[in-house]
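Since the structure comes first, as structure tokens, the remarks are kept for the end.
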Amino acid sequence: MSIAVHMVDVFASGPLSGNPLAVITGGQALTTAQMQQLTRWFNLSETAFLLPPTQAQADYRVRIFTLDREMPFAGHPTLGSCHAWLSQRGAPKNAGHIVQECGAGLVQIRQEHGRLAFAAPPMLRFGAPTADELDAALRMLGITAEEVQAASWIDNGPGWLGIRLASAEKVLALNPARQWPTRMDVGVVGPYARGVGGASPAACEVRAFFSDHQGAIVEDPVTGSLNASLAQWLFATGVMDSDYVAAQGRCLGRDGRIFLTRDGTGQVWVGGTARTHVEGALSGL
611 MSIAVHMVDV FASGPLSGNP LAVITGGQAL TTAQMQQLTR WFNLSETAFL
661 LPPTQAQADY RVRIFTLDRE MPFAGHPTLG SCHAWLSQRG APKNAGHIVQ
711 ECGAGLVQIR QEHGRLAFAA PPMLRFGAPT ADELDAALRM LGITAEEVQA
761 ASWIDNGPGW LGIRLASAEK VLALNPARQW PTRMDVGVVG PYARGVGGAS
811 PAACEVRAFF SDHQGAIVED PVTGSLNASL AQWLFATGVM DSDYVAAQGR
861 CLGRDGRIFL TRDGTGQVWV GGTARTHVEG ALSGL
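Taking my numbering, the leading residue of the sequence shown gets 611, the next gets one more, and so forth.
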């Protein structure tokens with residue numbers, strides 16, 4: 611069996627500054643176990659498998675895997691998969707408007723200003739965490755309750771718990787635990803007093819932490835799903851009252867930019883760049 615591999619950098623502000631994604635095409639015969647094994651072999655935060663759609667409205671279907679599980683939805687695999695599909699001469703059924711089928715259902719994607727943007731899916735869980743849930747997250751992050759401006763479940767698939775701090779500098783200063791005994795998916799956001807970042811100044815800094823299959827706390831370079839649900843939360847609570855740009859990845863030597871907009875219907879869109887840096891074939895399976 612020989613299948614194509616595309617290495618795509620998503621949400622980058624420049625070359626090799628975003629979140630890399632492996633996109634597999636032509637792998638319809640792969641089993642779920644093989645997809646998971648390939649994902650672990652690539653050792654990236656996620657690997658996406660492009661497949662023919664099963665729903666009439668969809669242009670393509672994608673299955674998204676982390677190192678230890680399949681995800682119903684994730685943000686940077688959504689934009690990276692769409693980019694790879696378009697680069698393989700994928701033709702959307704409606705010009706400029708792409709429909710992705712995934713475990714979370716149908717996701718709308720549009721092309722705008724040289725970027726791709728997906729419609730943020732509805733949250734599966736929203737609201738205040740329990741005292742014990744928040745305490746565990748704060749102990750993992752190494753901060754106190756007095757440092758937290760607000761906290762909420764903002765789960766759109768991965769299981770995010772959102773925490774808002776007073777400033778971007780406090781977000782950048784976080785030094786979380788290296789190991790944690792229970793599953794953790796925590797996103798942290800804090801505002802900049804003034805936008806930073808040249809041509810695309812950022813209004814806030816975001817960091818994403820999750821526990822892997824061995825219990826290690828891992829930081830994700832740039833996270834579309836987290837920024838989607840953060841934007842929904844920040845818009846809904848009035849913390850953000852207009853479109854904004856988020857930065858992510860500085861603590862990992864990256865310089866990601868995520869463009870968050872809200873249209874006239876209240877739908878939040880999550881946009882960013884996607885560039886293919888490597889193409890090849892995977893054989894011997």
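The beta-carbon is built from N, C-alpha and C at its ideal position, and this holds for glycine as well.
Nothing here was measured: the structure is a model prediction, and the numbers come from that model.
- Taken atom to atom, the span from the alpha-carbon of Ala639 to that of Cys692 is near 21 angstroms.
- In this structure, DSSP gives Val832 a state outside helix and strand, which the three-state scheme calls coil.
- CA-to-CA, the gap between Lys780 and Ala747 works out to about 16 angstroms.
- With the rule of 3 Cβ pairs closer than 8 angstroms, the stretch 724-732 does not count as touching the stretch 645-658.
- Judged by DSSP in its simplified three-state form, Gly894 adopts coil rather than helix or strand.
- Contact between the stretch 758-774 and the stretch 829-839 is present: 3 or more CB-CB pairs across the two stretches fall below 8 angstroms.
- Comparing alpha-carbon positions, the option among Ala730, Thr871, Ala738 lying closest to His686 turns out to be Ala730.
- Ranked by Cα distance from Gly800, the options Tyr854, Asp822, Ser697, Met750 are led by Tyr854.
- When the alpha-carbon of Gln698 is set against those of Gly894, Thr886, Ser893, the nearest one is in Thr886.
- As computed with DSSP, Val633 is found in a beta bridge with His616, Ala658.
- For Met750, same chain residues with a beta-carbon under 6 angstroms away, outside a window of 5 residues either side, are Pro786, Ala787, Trp790, Met794 in chain order.
- Nearest C-alpha to Glu743 among Ile719, Val880, Leu870, Gly769: Gly769.
- Distance from the CA of Arg860 to the CA of Gly866, rounded to the nearest whole angstrom, comes to 8 angstroms.
- Counting only runs of at least 3 residues, the stretch 641-687 fully encloses the following beta strand (DSSP E) elements, listed from N- to C-terminal order: 657-661, 670-675.
- Residue state for Leu748 is assigned as helix, using DSSP reduced to three classes.
- Inter-residue distance for Gly882 and Ala803 is about 23 angstroms (C-alpha atoms, whole angstroms).
- Taking C-beta atoms as the reference points, Glu711 and Arg671 count as a pair closer than 8 angstroms.
- A direct Cα-to-Cα measurement between Leu892 and Ala846 gives close to 45 angstroms.
- Annotation for Arg774: Gln759, Ala760, Val799 place their beta carbon closer than 6 angstroms to its own, counting only its chain and skipping 5 residues before and after.
- Contact between Val633 and Ala694 is confirmed by a C-beta separation of about 4 angstroms, below the 8 angstroms threshold.
- Within the same chain, and ignoring the five residues on either side of Arg650 in sequence, the residues whose Cβ sits closer than 6 angstroms to its Cβ are Leu677.
- Ala783 and Gly834 have their C-alpha atoms roughly 22 angstroms apart.
- For the options Ile753, Thr635, Thr792, Ala856, the alpha carbon positioned closest to that of Arg673 is the one of Thr635.
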